[in-house]
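S.K.: Below you'll find the structure I mean.
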Amino acid sequence: MKTRRELLFCSLFYMSISPLLARDLKGHLEPLFSHGKRLEVEVYEGFPTPEEFYKKFVIMPKPVLFRGGAMLSPAYRLWNEEYFLSFPESEEHLVVVEAEKKENRTTPGEEVFFAKFVRDLHSSGQYMVSSVPQFLRQDVYLPVPISCPNIIQGNLVQDMMWLSSGGTKSVLHNDHAENIMCVFKGTKEFFLIDEKYQDLVNVTERGYSDVDVDRVDLYKYPGLYEIEHHFAFIEPGDCLYVPFLWVHHVRSYGLNIAVNIWWRRAVENGFSGCGDTESRRTIQGLTFIGFNALYDAQKKMIKNRLVKEVISSSGNLSFGQLTEFFQKPDVFGPDVMWTEDMSNVVKKMFILMDQSADEIITRDELDQLQGEDWDQIRMLSNELMELAMAEYDGPIVDDTVTEEQWEQNTIGNAKEEDAHIEL
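Residues -22 to -1, 1 to 401 in mature numbering (1 follows the signal peptide of the UniProt record, and there is no 0) are what the sequence shown spells out, letter by letter.
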C-alpha cells in the first residue's frame, strides 16, 4: 500500500500532465470510483455490543456493515407512503427537500409539507433531507452500538431522514461526526475513502468536493486517479457505520427510505448502562444538539485553550511554542509520534492567527479573528487530531475526554479571568 507521501507525489505528478494525456487515463470523464482498488466493507451479522463496536471499529476507525441491524426498528416493517399519509400531522408538517436528485450544495433546499412531498414523490424529482418528523420518531430505534448514556446525554448531534424515489447521488464529502446510516427501503451504494487520503480528494474546509461524480475530470482532480476505496452495498434492513471524516459518496436505488444518526467523536464511554444487542430505545424524546452547536463548542474550546497558552507565555506565542503546546501529553496523549505532516498543519494554523505576520501570536490577534477564521482553525485542529491518532503508539484504553471535560480541566480552574472568553 502506498504511503501518504507517495500518494501525494503521484497526485502532484498527474497535475503536470496535459489534458490530452488525462483523456487516456482509466476513469477520466467516467463516474466516480469506476476504477481503483476496491475493498469490500466488513459485514457483521446484526449489531455488536457497544463495547465490541467501540474496540473493533471506532478506536482504529474502519467502516462496517451491520447486516439486518435496521430490522429491529418498526420503521423497517411500517414505513411506506400510505403509512406516512395516515398521520393527520403530515399535512401541516414542513420538511426540507432538495430540488434535484444529484446533490448540489450551492443550491439551498426548500420547505414543503410532508404529505404533499409524499404524494408527489414519484413525479416531482425532489429528495427529502430532513429530521425525522415527530409523529414518526417512535418507529426508529437508536442503533444498539450507541445506546449508551454517555452518548445519549448531550452527545447526539443530529438525526436525518432520507426519502426519495431513487436515483440520488451525493457529492463527495465527509462529516465532522461519527455516523450510522440505516436503510429501511431500497438499496444504497456507499463508496468510502480512508481519511488518511484526505490530501488527495479535494474535499475542502466546506466539507465537500466540487468534482462531478458522473464525469470525473482527472486532469482537474488527479488525486482521484485509481484511488483505493471501500465499498458497501446496503440492502433494506442493513445499517452502515461511517467513521468520522471518512470521505464518501452515496448512490440510491428504488423507493429509498433511510435514517442516519450522527454523534460526537471521541465521547468518553465506560459502557456502563449501555443496551445489549437486543436493545429497543426509540429516538422519540432524545435531544440532538445540531452541527452548529457542535462546531461552536469546538471553536470555543480551541480558543479558550489558545488564549490560556498565550497568557502563560507572557502574552506572546511563537510557532515553536504553538507546536510544543500541541505536543503536550494532555492534548493528544503521551505516546504520539510527531510528524512533518503535523508540523505543516500547525504552521497553517499559526499563519492564520499571526495576523501581523511578525512570527508572534498575541492575545489581541486572537480576539480580532473572525468567525470564518475560527472555522478554519477548527478544521485544522480536527485534521491534526486525525494525524495524531494515526501516529498513536500507546496502549488502547478507554479514557477519552469529552470536549466539556477538556475545557473544564484546562480552563475551568484557571485563576486568570481573561482566559475564559466567548466567541
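Backbone N, C-alpha and C define an ideal beta-carbon position, used for all residues, glycine too.
Evaluate the contact criterion for the region 2 to 9 versus the region 23 to 35: three or more CB pairs, one atom per stretch, below 8 Å.
M.R.: Flag = no, the region 2 to 9 and the region 23 to 35 do not touch.
S.K.: By how many angstroms is the C-alpha of Glu337 removed from the C-alpha of Met139?
M.R.: Working through the sequence shown from its first residue, we reach residue 139 at position 161. Working through the sequence shown from its first residue, we reach residue 337 at position 359. Computed Cα separation, rounded: 48 Å.
S.K.: Considering Cα atoms alone, identify which of Val42, Leu10, Met38 is closest to Val19.
M.R.: Here residue 19 corresponds to residue number 41 of the sequence shown, with the count starting at 1. Among Val42, Leu10, Met38, the Cα nearest to that of Val19 is on Val42.
S.K.: Which of the three DSSP states is assigned to Arg83 in this structure?
M.R.: Within the sequence shown, residue 83 is the residue found at index 105, counting from 1. Note: Arg83 maps to coil in three-state DSSP.
S.K.: Pick from Gly251, Val74, Asp172, Val191: whose alpha carbon is nearest that of Glu364?
M.R.: On the sequence shown, position 386 is the one that residue 364 refers to. Closest by alpha carbon: Asp172.
S.K.: In this structure, what does DSSP give as the bridge partners for Val288?
M.R.: Position 310 of the sequence shown, counting from 1, holds the residue named residue 288. According to DSSP, Val288 bridges with nothing at all.
S.K.: Fully enclosed by the region 186 to 227, which beta strand (DSSP E) runs are 3 residues long or longer?
M.R.: Fully enclosed beta strand (DSSP E) runs of 3 or longer: 207 to 212, 217 to 220.
S.K.: Run through the region 294 to 351 for me and flag every whole alpha helix (DSSP H) of 4 or more residues, listed as ranges in chain order.
M.R.: For the region 294 to 351, whole alpha helix (DSSP H) runs of length 4 or above, ordered along the chain, are 297 to 304, 307 to 310, 318 to 331, 341 to 346.
S.K.: On the CB-based measure, 16 or more other CB atoms within 10 Å of its CB, does Gly390 come out buried or exposed?
M.R.: Counted from its first residue, the sequence shown places residue 390 at position 412. The pLDDT assigned to Gly390 is 35, lower than 50, so where the model puts this residue is not dependable, and the model offers no usable value.
S.K.: What is the C-beta distance between Phe25 and Thr255, in whole angstroms, given that I count them as a contact (C-beta under 8 Å)?
M.R.: For this step, residue 25 is matched to residue 47 along the sequence shown. For this step, residue 255 is matched to residue 277 along the sequence shown. Indeed they touch by this definition, with Cβ atoms about 5 Å apart.
S.K.: Can you tell me the Cα-Cα spacing of Ile158 and Phe266, whole angstroms?
M.R.: On the sequence shown, residue 158 is found 180 positions in, with the first residue counted as 1. On the sequence shown, residue 266 is found 288 positions in, with the first residue counted as 1. Answer to the nearest angstrom: the Cα atoms are 15 Å apart.
S.K.: Three or more C-beta pairs closer than 8 Å, one from the region 324 to 339 and one from the region 288 to 300: is that the case here?
M.R.: The region 324 to 339, when compared against the region 288 to 300, does touch it at the 8 Å Cβ threshold.
S.K.: Leaving aside the five residues before and after residue 411 along the sequence, list all residues of the same chain whose C-beta is less than 8 Å from its C-beta, in chain order.
M.R.: Summary: the structure shown does not reach residue 411, with the chain confined to residues -22 through 401, and so no result is reported for it.
S.K.: Determine the contact status of Ser187 and His151, defining contact as a CB-CB distance below 9 Å.
M.R.: Looking up residue 187 in the sequence shown gives position 209. Looking up residue 151 in the sequence shown gives position 173. Result yes, Cβ atoms of Ser187 and His151 sit closer than 9 Å.
S.K.: Just to confirm the assignment, what range does the beta strand (DSSP E) spanning Leu170 have?
M.R.: The residue labelled residue 170 in the question sits at position 192 within the sequence shown. Taken as a continuous stretch (DSSP letters only), the beta strand (DSSP E) holding Leu170 covers 156 to 171.
S.K.: Please list, in chain order, all residues of the same chain as Gly253 whose beta carbon is under 7 Å from its beta carbon, the five residues on each side excluded.
M.R.: For the purposes of this step, residue 253 is taken as the residue at position 275 of the sequence shown. Hits under 7 Å: Val122, Ser125, Arg259.
S.K.: Inspect the CB distances between the region 207 to 227 and the region 165 to 181 and report whether three or more fall short of 8 Å.
M.R.: They touch, by the three-pair rule.
S.K.: Touch check for the region 99 to 109 and the region 207 to 214: three-plus C-beta pairs under 8 Å?
M.R.: The region 99 to 109, when compared against the region 207 to 214, does not touch it at the 8 Å Cβ threshold.
S.K.: Taking the C-alpha atoms as reference points, what is the distance between Lys79 and Gly145?
M.R.: The residue you call residue 79 lines up with position 101 of the sequence shown. The residue you call residue 145 lines up with position 167 of the sequence shown. Distance between the alpha carbons of Lys79 and Gly145 is about 7 Å.
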